[in-house]
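Asker: Have a look at the structure that comes next, please.
Numbering (this note's numbering), first residue to last: 5 to 267.
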């Protein structure tokens, strides 16, 4: 295997091409609106999106009248997000920053962190720094809603899968191999990308992504240490999509709703 790229380096260019087929951003946004209605006394005006990536959640939220600020460390993904917002005629603030430590000098009504981005914080010290940064930038009456991946639902390692899609200008093949470390509870996914046009290879590169997993009690504990109360944790019957059902042992994607602890 070639030397892996920095996370979301060249992958950023193809991210939307892959995930617009795998994720339903419109359904995610409707789910967030339902969360806001259920747990906030009024519709939030300002939303902070942590690990916003290419802005695919931010654009539909902005179209619904929310004032969005997206924070991400990847300059490549932010460039794509800004272009998408500009082409859509939407005013969205995108900031390059590290979710482990930031201060936007704003009290947002709500903060979100979608599709497991929170799990990229591998060390507990970094998780606590991030939670304290979120708390500093969130209204005392605000809400932090995010997704995490549950350790009990991780498939046996190694687990291999592949994705293939043919577009107008190129064809993409992504091979994935996931390995789970039970001691650290970190899921490492090796991605190998091949970009083709006919029989010609246009691009070839590798990336490694590491995501920390949790049980619900573990997440509740780390949230309290970081200044938040876990209000509810939700799962869905098949363990993959978002819903308002209970979290079962086989629920992989858990959606957490929490509030700042009042001092």
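Cβ atoms here follow ideal geometry from the backbone N, Cα and C, with glycine treated the same way.
(1) Rounded to the nearest angstrom, what separates residue 51 and residue 113 at their Cα positions?
(2) To which residues of the same chain is residue 242 closer than 7 Å at the C-beta, ignoring the five residues directly before and after it?
(3) Report back the beta-carbon spacing between residue 115 and residue 138 to the nearest angstrom; my notes put them in contact at under 8 Å.
(4) Would residue 42 be called buried (16 or more neighbouring beta carbons within 10 Å of its own) or exposed?
(5) Given a cut-off of 8 Å on the beta-carbon distance, is the pair residue 173 and residue 143 in contact?
(6) Under three-state DSSP, which class holds residue 161?
(7) May I ask you to list the residues that DSSP assigns as paired with residue 50?
(8) Distance, Cα to Cα, residue 26 vs residue 258?
(9) What did DSSP end up calling residue 130 once you bin it into helix, strand or coil?
(10) Can you tell which of 128, 89 and 262 has the C-alpha that lies nearest to the C-alpha of residue 218?
(11) Please identify the residue among 16, 17, 45 and 65 whose C-alpha is closest to the C-alpha of residue 29.
(12) How big is the Cα-Cα spacing for residue 19 and residue 213?
(13) Do residue 253 and residue 161 have their beta-carbon atoms positioned less than 8 Å apart in this structure?
Answerer: With the structure as the only source:
(1) As a first step, residue 51 must be located in the chain shown, where it is residue number 47. As a first step, residue 113 must be located in the chain shown, where it is residue number 109. Going from the Cα of residue 51 to the Cα of residue 113 covers about 6 Å.
(2) Counting from 1 along the chain shown, the entry for residue 242 is found at position 238. In this prediction, residue 242 scores a pLDDT of 45, lower than 50, which makes its location untrustworthy; no coordinate-derived value is stated.
(3) In the chain shown, counting from the first residue as 1, residue 115 sits at position 111. In the chain shown, counting from the first residue as 1, residue 138 sits at position 134. Sure, about 5 Å apart at Cβ, within 8 Å.
(4) One-based indexing of the chain shown puts residue 42 at position 38. So residue 42 ends up on the exposed side.
(5) To locate residue 173, count along the chain shown from 1; it is residue 169. To locate residue 143, count along the chain shown from 1; it is residue 139. It is not a contact, given that the beta carbons lie outside the stated cut-off.
(6) One-based indexing of the chain shown puts residue 161 at position 157. If DSSP states are grouped into helix, strand and coil, residue 161 belongs with coil.
(7) Residue mapping note: residue 50 aligns to position 46 of the chain shown, counting from 1. In DSSP, residue 50 forms a bridge with 71.
(8) Stepping through the chain shown from its first residue, residue 26 is reached at position 22. Stepping through the chain shown from its first residue, residue 258 is reached at position 254. If I take the Cα positions, the gap works out to 17 Å.
(9) If you number the chain shown from 1, residue 130 lands on position 126. Three-state DSSP puts residue 130 in a helix.
(10) Counted from its first residue, the chain shown places residue 218 at position 214. Of the candidates 128, 89 and 262, the one whose C-alpha sits nearest the C-alpha of residue 218 is 128.
(11) Along the chain shown, read from residue 1 onward, the residue named residue 29 stands at position 25. Closest option to residue 29, Cα to Cα, is 65.
(12) Taking the first residue of the chain shown as position 1, residue 19 is located at position 15. Taking the first residue of the chain shown as position 1, residue 213 is located at position 209. Spanning the two alpha carbons is a distance of roughly 14 Å.
(13) The residue given as residue 161 occupies position 157 in the chain shown. The residue given as residue 253 occupies position 249 in the chain shown. In this structure, residue 253 does not lie closer than 8 Å to residue 161 by Cβ.
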